[in-house]
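Enquirer: First, the structure itself, so that you have it in front of you.
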Amino acid sequence: MIPERLSSALTNVRALQIFQLLRQGGLILVAVLLAKSTLSPAEVGTYEMLLYVGYLLTFFWVAGALQALLSYYPTLEAADQAAIVFQAFLVFTGMSLACGALLWFFPEFILQLLVQRSSLAFAGLFALFLVTNIPASLQEYFYLLQDRPLAILVYGLASATAQLLAVGLPPVLGMDFRWSFVALAGVGIAKGLILVRFVLVYGRWSWSVGLLRAWWLLAAPLMAYTLLGVANQSVGPWMVGYFFDGSAAEFAIYRYGARELPLLAALTGAVASGVIPFLARDLKAGSEHLKKEARQLYHLLFPVSIVLLLTSRWWFVWVFAATYAPSIVLFNTFLLLTPVHLIFARTVLVARQDTRWVPLFALGSMALNIIFCLLMTPVLGMPGIALSGVLAFGLEKAGLVIYLWRWHGVPWSVYTDLRWWWGYTLLLLIAFAVASGF
Numbered sequence: 005m006i007p008e009r010l011s012s013a014l015t016n017v018r019a020l021q022i023f024q025l026l027r028q029g030g031l032i033l034v035a036v037l038l039a040k041s042t043l044s045p046a047e048v049g050t051y052e053m054l055l056y057v058g059y060l061l062t063f064f065w066v067a068g069a070l071q072a073l074l075s076y077y078p079t080l081e082a083a084d085q086a087a088i089v090f091q092a093f094l095v096f097t098g099m100s101l102a103c104g105a106l107l108w109f110f111p112e113f114i115l116q117l118l119v120q121r122s123s124l125a126f127a128g129l130f131a132l133f134l135v136t137n138i139p140a141s142l143q144e145y146f147y148l149l150q151d152r153p154l155a156i157l158v159y160g161l162a163s164a165t166a167q168l169l170a171v172g173l174p175p176v177l178g179m180d181f182r183w184s185f186v187a188l189a190g191v192g193i194a195k196g197l198i199l200v201r202f203v204l205v206y207g208r209w210s211w212s213v214g215l216l217r218a219w220w221l222l223a224a225p226l227m228a229y230t231l232l233g234v235a236n237q238s239v240g241p242w243m244v245g246y247f248f249d250g251s252a253a254e255f256a257i258y259r260y261g262a263r264e265l266p267l268l269a270a271l272t273g274a275v276a277s278g279v280i281p282f283l284a285r286d287l288k289a290g291s292e293h294l295k296k297e298a299r300q301l302y303h304l305l306f307p308v309s310i311v312l313l314l315t316s317r318w319w320f321v322w323v324f325a326a327t328y329a330p331s332i333v334l335f336n337t338f339l340l341l342t343p344v345h346l347i348f349a350r351t352v353l354v355a356r357q358d359t360r361w362v363p364l365f366a367l368g369s370m371a372l373n374i375i376f377c378l379l380m381t382p383v384l385g386m387p388g389i390a391l392s393g394v395l396a397f398g399l400e401k402a403g404l405v406i407y408l409w410r411w412h413g414v415p416w417s418v419y420t421d422l423r424w425w426w427g428y429t430l431l432l433l434i435a436f437a438v439a440s441g442f
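Residue 372 in our numbering sits at position 368 of the sequence shown, with consecutive numbering throughout.
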């Protein structure tokens with residue numbers, strides 16, 4: 005009876021948000037367990053570096069392919085949907101094997117290129133985890149496409165718990181750290197087997213060049229957009245080094261301040277992914293669904309951002325240290341990204357299967373970020389770098405809104421509750437002005 009009630013109250017978007025929170029929470033708990041264990045900082049650093057290497061090898065193509073799949077799948081007939089399940093499994097497995105092989109056979113080259121290290125312990129075991137775990141990232145999205153929110157929730161809880169225990173438990177029990185990586189590889193294998201079973205049951209084992217081509221024509225621009233987005237995020241740190249003579253102290257001040265609202269990206273990303281199938285099937289109904297989900301996020305994220313803004317001068321130095329007091333103005337500035345993240349024009353474009361020009365908006369944003377930094381940093385100092393990033397990202401989103409309106413006839417008001425968005429944004433700007441002493 006309880007599962008039935010839960011299932012009736014649980015939407016796909018809500019389940020995906022909880023899934024992301026479970027994953028993020030699991031990673032945080034792993035970090036806490038490792039920090040409190042007997043492991044040295046160098047050993048913990050090995051784990052963090054390997055996670056970073058795995059992220060760099062896979063993040064762009066995984067994100068782009070998944071978003072394109074969410075848009076493409078609902079437009080297919082049932083037989084082709086079953087076929088694309090099989091093809092997605094093969095493509096993700098093949099790409100993951102390639103990434104794992106690079107790390108397994110050429111560890112010195114890959115590690116030197118990505119983290120400036122000639123070797124890292126347990127790289128081979130981590131490569132095995134990559135090969136099995138990356139294809140398994142399809143699983144929650146297959147559940148989403150089948151409209152199975154309870155399955156998303158159960159799978160997310162099980163996978164987050166398994167990874168937490170696999171990595172965190174051996175060091176706490178005093179075991180060699182190698183066993184964490186052995187267990188992590190085991191978790192990847194278990195998730196891979198779950199995916200294989202799903203594909204055997206719901207996939208159609210056939211190959212269609214036409215299906216694959218259509219999917220990857222959508223995915224390629226999204227992969228490029230993701231890569232450019234990460235490159236854009238590196239502009240701020242680079243400008244700190246350029247304007248402040250590579251000072252490690254100034255870089256630390258920037259890094260501690262360059263923090264968005266915690267879990268903002270996870271919650272907004274879950275909404276964006278969760279509504280794409282709805283929008284792809286029915287733009288009008290999907291837009292209303294997106295507007296409703298976004299409005300619920302407004303009522304959560306805007307008040308939290310405003311409270312953090314108005315109180316940062318007291319809690320920030322308590323959480324970190326008085327040394328990082330100059331970071332407060334940077335943190336406050338980056339909180340202005342909250343309303344920008346809550347503009348979902350790109351989500352609608354992906355659902356409309358118009359991704360060709362999306363990378364150009366990211367490229368333009370990066371160019372504007374650089375120009376703004378060069379103009380404002382000599383005048384405002386480090387806050388100018390933070391403000392440049394906010395303005396550039398805001399203009400990117402504004403460009404996407406205008407493009408969607410002019411080329412697709414979909415105005416901003418169709419998928420956004422503008423009354424609430426503008427009202428909250430105005431309150432956030434007032435809070436920023438108060439916190440800044442204007």
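Yeah, the Cβ is synthetic: ideal placement off N, Cα and C, and Gly gets one too.
#1: Do the CB positions of L37 and V176 come within less than 8 angstroms of each other?
#2: Excluding sequence positions up to five away, which residues of its chain have a Cβ less than 8 angstroms from the Cβ of A86?
#3: Quick one: using the 10 Å Cβ neighbour count with 16 as the cut-off for buried, is A19 buried or exposed?
#4: Alpha carbon to alpha carbon, how far is G240 from S316? Give it in angstroms, no decimals.
#5: Should L314 and A435 be called a contact, given that it needs their Cβ atoms to be closer than 8 angstroms?
#6: Given S440, which residues of its chain have a CB within under 8 angstroms of its CB, disregarding the five upstream and five downstream residues?
#7: Measuring CB to CB, does G192 end up less than 8 angstroms from T136?
#8: Using alpha carbons as the reference points, say which of K195, Q71 and V203 lies closest to L94.
#9: Residues in its own chain within less than 7 angstroms of V186 by CB, not counting five upstream and five downstream?
#10: Where does V171 sit, in a helix, a strand or coil, going by DSSP?
#11: Look up P307 in the DSSP assignment and say whether it is helix, strand or coil.
#12: Quick check: the stretch 119-126 against the stretch 156-164, are there 3 or more CB pairs under 8 angstroms?
#13: Do you know offhand how far L433's Cα is from L422's?
#14: Taking the C-alpha atoms as reference points, what is the distance between L348 and P415?
#15: Throw me the rounded Cβ distance for the Y147 and A140 pair, which I believe falls under 8 angstroms.
#16: When the Cα of G413 is compared with those of F133, R356 and L216, which residue comes out closest?
#17: When the Cα atoms are used, what is the spatial distance from V17 to D151?
#18: For D84, which three-state DSSP category applies?
#19: Does the stretch 403-410 come close enough to the stretch 267-279 that 3 or more CB-CB pairs lie under 8 angstroms?
#20: Could you name the residues of the same chain whose beta carbon sits closer than 6 angstroms to that of Y428, not counting the 5 residues immediately before and after it, in chain order?
#21: Which residue comes first and which comes last in the alpha helix (DSSP H) that contains E254?
#22: Does DSSP put M53 in a helix, in a strand, or in coil?
#23: With DSSP as the reference, label P382 as helix, strand or coil.
#24: Less than 6 angstroms between C-beta atoms, sequence neighbours within five positions excluded: which residues of the same chain meet that for G68?
#25: Can you grab the Cα-Cα spacing for the pair F96 / V66, in whole Å?
#26: What residue range does the alpha helix (DSSP H) around V414 cover?
#27: Taking L168 and V34 to be in contact with their CB atoms under 8 angstroms, please state how far apart those CB atoms are, rounded to whole angstroms.
#28: Exposed or buried, I389, counting other C-beta atoms within 10 Å across all chains shown (16 or more means buried)?
#29: Which term fits T42, buried or exposed, when burial requires 16 or more other beta carbons within 10 angstroms of its beta carbon?
#30: Taking Cβ to Cβ, would you say A298 is nearer than 8 angstroms to T420?
#31: If you draw a straight line from the alpha carbon of Y76 to that of Y51, how long is it in whole angstroms?
#32: According to DSSP, is L265 helix, strand or coil?
#33: Quick check on this structure: which residue in L265, T351 and C103 has the alpha carbon closest to the alpha carbon of V279?
#34: Quick test of your reading: Q21 and A366, contact by CB under 8 angstroms. State the CB separation rounded to the nearest angstrom.
#35: Around the C-beta of S210, are 16 or more other C-beta atoms found within 10 angstroms, so that it is buried, or is it exposed?
#36: What separation, rounded to the nearest whole angstrom, lies between the Cα atoms of K288 and Q300?
Expert: So, to answer that:
#1: The count along the sequence shown starts at 1 and reaches residue 37 at position 33. The count along the sequence shown starts at 1 and reaches residue 176 at position 172. Yes; because the gap between Cβ atoms is below 8 angstroms, this pair is in contact.
#2: Translated into positions along the sequence shown, residue 86 becomes position 82. For A86, where only same-chain residues beyond five positions count, the Cβ hits under 8 angstroms are Y206, G207 and R208.
#3: As a working mapping, residue 19 is identified with position 15 in the sequence shown. Result: buried.
#4: Taking the sequence shown and counting its residues from 1, the one referred to as residue 316 is at position 312. Taking the sequence shown and counting its residues from 1, the one referred to as residue 240 is at position 236. Whole-angstrom Cα-Cα distance: 22 angstroms.
#5: For this step, residue 314 is matched to residue 310 along the sequence shown. For this step, residue 435 is matched to residue 431 along the sequence shown. Yes. Within cutoff.
#6: Here residue 440 refers to the residue found at position 436 when the sequence shown is read from its first residue. Closer than 8 angstroms at Cβ, skipping near neighbours: V333 and N336.
#7: Position 188 of the sequence shown holds residue 192. Position 132 of the sequence shown holds residue 136. Their beta carbons are under 8 angstroms apart, which means G192 touches T136 by this criterion.
#8: Along the sequence shown, read from residue 1 onward, the residue named residue 94 stands at position 90. It is V203 whose Cα lies nearest to the Cα of L94.
#9: Reading the sequence shown from its first residue, position 182 is the one you call residue 186. Contacts found: L129.
#10: Along the sequence shown, read from residue 1 onward, the residue named residue 171 stands at position 167. In this structure, DSSP gives V171 a helical state, which the three-state scheme calls helix.
#11: As a working mapping, residue 307 is identified with position 303 in the sequence shown. P307 carries a helical assignment under DSSP once its states are collapsed to helix, strand and coil.
#12: Result no; under three Cβ-Cβ pairs closer than 8 angstroms.
#13: Mapped onto the sequence shown, residue 433 falls at position 429. Mapped onto the sequence shown, residue 422 falls at position 418. Roughly 16 angstroms separates the two Cα atoms.
#14: Here residue 348 corresponds to residue number 344 of the sequence shown, with the count starting at 1. Here residue 415 corresponds to residue number 411 of the sequence shown, with the count starting at 1. Residue 348 is actually Phe in this sequence, not Leu. Here the alpha carbons of P415 and F348 stand approximately 12 angstroms from one another.
#15: Indexing the sequence shown from 1 puts residue 147 at position 143. Indexing the sequence shown from 1 puts residue 140 at position 136. No, Y147 and A140 are not in contact; Cβ-Cβ is about 12 angstroms, not under 8 angstroms.
#16: Here residue 413 refers to the residue found at position 409 when the sequence shown is read from its first residue. Out of F133, R356 and L216, R356 has the C-alpha closest to the C-alpha of G413.
#17: Start at 1 with the first residue of the sequence shown, and residue 17 comes out as number 13. Start at 1 with the first residue of the sequence shown, and residue 151 comes out as number 147. Going by C-alpha positions, V17 is about 10 angstroms away from D151.
#18: Position 80 of the sequence shown, counted from the first residue, corresponds to residue 84. The answer is helix: DSSP assigns D84 an H, G or I state.
#19: Using a C-beta cut-off of 8 angstroms, the stretch 267-279 makes no contact with the stretch 403-410, since fewer than three inter-stretch Cβ pairs fall below that distance.
#20: Sequence index remark: in the sequence shown, residue 428 carries index 424 (1-based). The residues are Y302 and F306.
#21: By one-based count along the sequence shown, residue 254 stands at place 250. Element bounds for E254: A252 to G261.
#22: Taking the sequence shown and counting its residues from 1, the one referred to as residue 53 is at position 49. Assigned with DSSP and collapsed to three states, M53 falls in helix.
#23: As a working mapping, residue 382 is identified with position 378 in the sequence shown. The three-state secondary structure of P382, taken from DSSP, is helix.
#24: Residue 68 sits at position 64 when you count from the first residue of the sequence shown. Cβ within range, chain order: A223, L226, M227 and T230.
#25: One-based indexing of the sequence shown puts residue 96 at position 92. One-based indexing of the sequence shown puts residue 66 at position 62. Going from the Cα of F96 to the Cα of V66 covers about 8 angstroms.
#26: Residue 414 sits at position 410 when you count from the first residue of the sequence shown. Neither: V414 is in no alpha helix (DSSP H) and is coded neither H nor E.
#27: By 1-based counting over the sequence shown, the position of residue 168 is 164. By 1-based counting over the sequence shown, the position of residue 34 is 30. Under the criterion of beta carbons closer than 8 angstroms, L168 and V34 qualify as touching, at roughly 6 angstroms.
#28: Counting from one through the sequence shown, the residue named residue 389 turns up at place 385. Burial state of I389 is buried, judged by a 10 Å Cβ sphere holding 16 or more other Cβ atoms.
#29: Working through the sequence shown from its first residue, we reach residue 42 at position 38. T42 comes out exposed.
#30: Counting from one through the sequence shown, the residue named residue 298 turns up at place 294. Counting from one through the sequence shown, the residue named residue 420 turns up at place 416. The answer is yes: Cβ separation under 8 angstroms.
#31: Translated into positions along the sequence shown, residue 76 becomes position 72. Translated into positions along the sequence shown, residue 51 becomes position 47. Answer to the nearest angstrom: the Cα atoms are 36 angstroms apart.
#32: The sequence position of residue 265 within the sequence shown is 261, counting from 1. Under the three-state reduction of DSSP output, L265 falls in the coil class, being neither helix nor strand.
#33: Within the sequence shown, numbered from 1, the residue matching residue 279 stands at position 275. Residue T351 is the option with its Cα nearest to V279.
#34: Start at 1 with the first residue of the sequence shown, and residue 21 comes out as number 17. Start at 1 with the first residue of the sequence shown, and residue 366 comes out as number 362. Q21 to A366, Cβ: 25 angstroms. No contact.
#35: If you number the sequence shown from 1, residue 210 lands on position 206. With fewer than 16 other Cβ atoms within 10 Å, it is exposed.
#36: Indexing the sequence shown from 1 puts residue 288 at position 284. Indexing the sequence shown from 1 puts residue 300 at position 296. Using only the alpha carbons, I get a separation of about 19 angstroms.
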